[in-house]
Amino acid sequence: MKLTLSVIKADIGGFVGHSASHPDVINEASESLSKAKKEGLLIDYHITSCGDDIQLIMTHQQGDESEKIHRLAWDTFVAGTEVAKKLKLYGAGQDLLSDAFAGNVKGMGPGVAEMEFEERKSEPVLIFMADKTSAGAWNMPLYKMFADPFNTIGLVIAPTMHSGFAFKVHDLKEHKKITLNAPEDIYDLLVFIGAPTRFAIKAVFSREADEIAAVTSTERLSLIAQRYVGKDDPVCIVRCQGIFPAVGEVLEPFAAPILVEGWMRGSHMGPLMPVSLQESTPARFDGPPRVVAAGFQLAEGKFIGPRDMFADVSFELARQQANEMADMMRRHGPFEPHRLPLEEMEYTTMPQVAEKLADRFIALD
Ligand code: 13P
Ligand code: 13P
Ligand code: MG
Ligand code: MG
């Protein structure tokens with residue numbers, strides 16, 4: 001059976017500030033998707049949140065970029081925004097950049113990660129969701145999962161993975177894409193994905209079986225809207241086991257927290273902290289950035305789960321390290337490298353300040 005797994009997400013209002021989602025908004029979204037399931041459009045769904053972002057996790061048979069599915073997600077977010085407005089939640093409708101749906105939610109604010117595949121005899125999938133960060137945050141974890149034998153021993157000892165994976169990379173500024181193969185192209189690949197503000201891994205494929213392994217949302221709200229509308233707070237779907245890395249290999253990169261862009265006002269570098277779904281409530285300086293992992297077994301398109309993968313005690317040290325890294329970064333206050341370089345800051349008063357002081361700037365001798 002060909003199945004499509006779609007994760008469509010948006011921030012449609014924060015409770016309190018940008019720290020979490022409100023249960024009434026999630027309930028409203030549940031009603032909308034439950035109706036679509038009864039009507040047969042969806043096989044199954046699960047709604048969850050990471051910080052102030054709500055994720056609609058859906059299975060269906062409409063394929064990628066289906067207008068019906070995208071319209072359902074859009075209408076669901078619009079209905080949720082109405083609830084958020086009544087509660088005067090913070091930034092109600094924040095990620096809905098347009099007033100009217102035009103066939104596809106791409107470029108309209110919500111983030112989208114979708115993949116179509118034949119469900120295997122056993123189909124374990126992990127859905128990663130992050131808050132207070134942006135699309136490039138998945139680059140290093142995906143590289144480690146699918147190209148680094150120090151993370152994924154299966155690349156060395158599993159015959160089904162030994163021929164490596166292909167990485168589809170998007171250039172978010174020039175709107176171009178390229179596919180590079182691991183292991184032979186890894187040095188070229190790293191030239192690009194090591195610059196995650198501009199290049200983001202969109203998808204990964206098994207070269208052995210030409211099967212989709214992972215897909216991310218790479219929309220950049222600031223580029224779409226040309227003004228501050230929050231960081232992108234991306235999602236990522238990864239299939240596990242068999243011809244793909246084991247569940248533990250897919251989770252392993254998050255045990256060593258790295259610095260990503262986002263955090264306060266979308267304008268800072270901070271550690272990506274792996275947390276349980278319950279702990280995805282960024283509070284300190286609106287952060288630090290969070291990542292959660294919902295694990296499911298799919299059974300004829302039905303979601304068996306979720307299991308809250310980062311709730312495991314083995315991620316406690318990573319959380320502690322992330323808190324220490326957060327302290328180290330906060331010590332820089334308004335200075336780089338905690339504050340992002342000027343061109344990457346989501347908010348900046350630089351043009352106004354420069355204009356105000358234009359007369360006082362004089363040429364260097
Ligand atoms: P099991 O023997 O528990 O199936 O585990 C196999 C495996 O590959 C774990 O990484
Ligand atoms: P979100 O992108 O999660 O809405 O956060 C915005 C922000 O400014 C946090 O300080
Ligand atoms: Mg928000
Ligand atoms: Mg958010």
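Residues 1 to 365, numbered by this note's numbering, are exactly what the sequence shown covers, in order.
Where is the CB? At the ideal position from N, CA and C, for every residue including glycine.
Computed from a predicted model, the values in this text were never measured in an experiment.
Residues in the same chain with beta-carbon distance under 6 angstroms from residue i, minus the five sequence neighbours each way, listed in chain order, please.
| i | result |
| --- | --- |
| leucine 321 | Looking at the sequence provided, one finds glutamine at residue 321 rather than leucine. Excluding sequence neighbours, glutamine 321 sits near Pro257. |
| glycine 413 | As shown, the chain starts at 1 and ends at 365. That puts residue 413 outside it, with no answer to give. |
| glutamate 343 | none |
| threonine 179 | Ala166 and Lys168 |
| leucine 42 | Ala36, Met58 and His60 |
Can you tell me where the alpha helix (DSSP H) holding residue i begins and where it ends?
| i | result |
| --- | --- |
| aspartate 327 | 316-330 |
| glutamine 61 | Element bounds for glutamine 61: n/a, residue is neither H nor E. |
| serine 34 | 23-38 |
| glycine 270 | Per DSSP, glycine 270 belongs to no alpha helix (DSSP H); it is in the beta strand (DSSP E), 268-271. |
| valine 313 | Neither: valine 313 is in no alpha helix (DSSP H) and is coded neither H nor E. |
| threonine 216 | Here threonine 216 belongs to no alpha helix (DSSP H); instead the beta strand (DSSP E) covers 211-216. |
| valine 191 | 186-193 |
Work out the CA separation of residue j and residue i for me, nearest whole Å.
| i | j | result |
| --- | --- | --- |
| phenylalanine 335 | threonine 4 | 45 angstroms |
| tryptophan 138 | isoleucine 362 | 44 angstroms |
| serine 21 | leucine 364 | 51 angstroms |
| aspartate 52 | aspartate 359 | 42 angstroms |
| methionine 108 | alanine 200 | 19 angstroms |
| leucine 126 | glutamine 297 | 9 angstroms |
| glutamate 219 | glycine 111 | 6 angstroms |
| glutamate 211 | aspartate 233 | 26 angstroms |
| threonine 160 | proline 245 | 10 angstroms |
| leucine 97 | asparagine 104 | 13 angstroms |
| isoleucine 69 | serine 32 | 12 angstroms |
| asparagine 323 | glutamate 39 | 46 angstroms |
| histidine 372 | serine 66 | Outside the modelled stretch of the chain, which goes from 1 to 365, sits residue 372, for which no answer is possible. |
| aspartate 99 | lysine 106 | 14 angstroms |
Need the endpoints of the beta strand (DSSP E) that residue i sits in, please.
| i | result |
| --- | --- |
| aspartate 308 | 302-308 |
| aspartate 131 | 123-131 |
| isoleucine 153 | Where isoleucine 153 is concerned, there is no enclosing beta strand (DSSP E), given that its DSSP letter is neither H nor E. |
| glutamine 297 | 290-299 |
| isoleucine 8 | 2-10 |
| phenylalanine 101 | That residue, phenylalanine 101, is in no beta strand (DSSP E); it is neither H nor E in DSSP. |
So for residue i, helix, strand or coil by DSSP?
| i | result |
| --- | --- |
| glycine 242 | coil |
| glutamate 174 | coil |
| isoleucine 258 | coil |
| asparagine 181 | strand |
| alanine 158 | coil |
| valine 16 | coil |
| aspartate 359 | helix |
| proline 253 | helix |
| aspartate 52 | coil |
| leucine 223 | helix |
| histidine 338 | coil |
| arginine 284 | strand |
| glutamate 116 | strand |
| isoleucine 43 | coil |
| proline 141 | helix |
| valine 204 | strand |
| lysine 106 | coil |
Among the residues of its own chain, which have a CB less than 8 angstroms from the CB of residue i, if the five just before and after it don't count?
| i | result |
| --- | --- |
| phenylalanine 310 | Leu251, Phe254, Pro274, Val275, Ser276, Val291, Val292 and Ala293 |
| proline 289 | Ala130, Asp131, Lys132, Thr133, Ala137, Val260, Gly262, Trp263, Gly270, Pro271, Leu272, Met273 and Pro282 |
| aspartate 44 | Lys37, Met58, Thr59, Gly301, Lys302 and Phe303 |
Given residue i, which residues of its chain have a CB within under 7 angstroms of its CB, disregarding the five upstream and five downstream residues?
| i | result |
| --- | --- |
| serine 30 | Ile47 |
| tyrosine 143 | Ile193 |
| phenylalanine 77 | Ala10, Ile12, Leu96 and Pro110 |
| alanine 209 | Ile243 |
In chain order, what residues have a CB nearer than 6 angstroms to some heavy atom of ligand 1?
-> Spelled out in chain order, the answer is Ala246 and Gly248.
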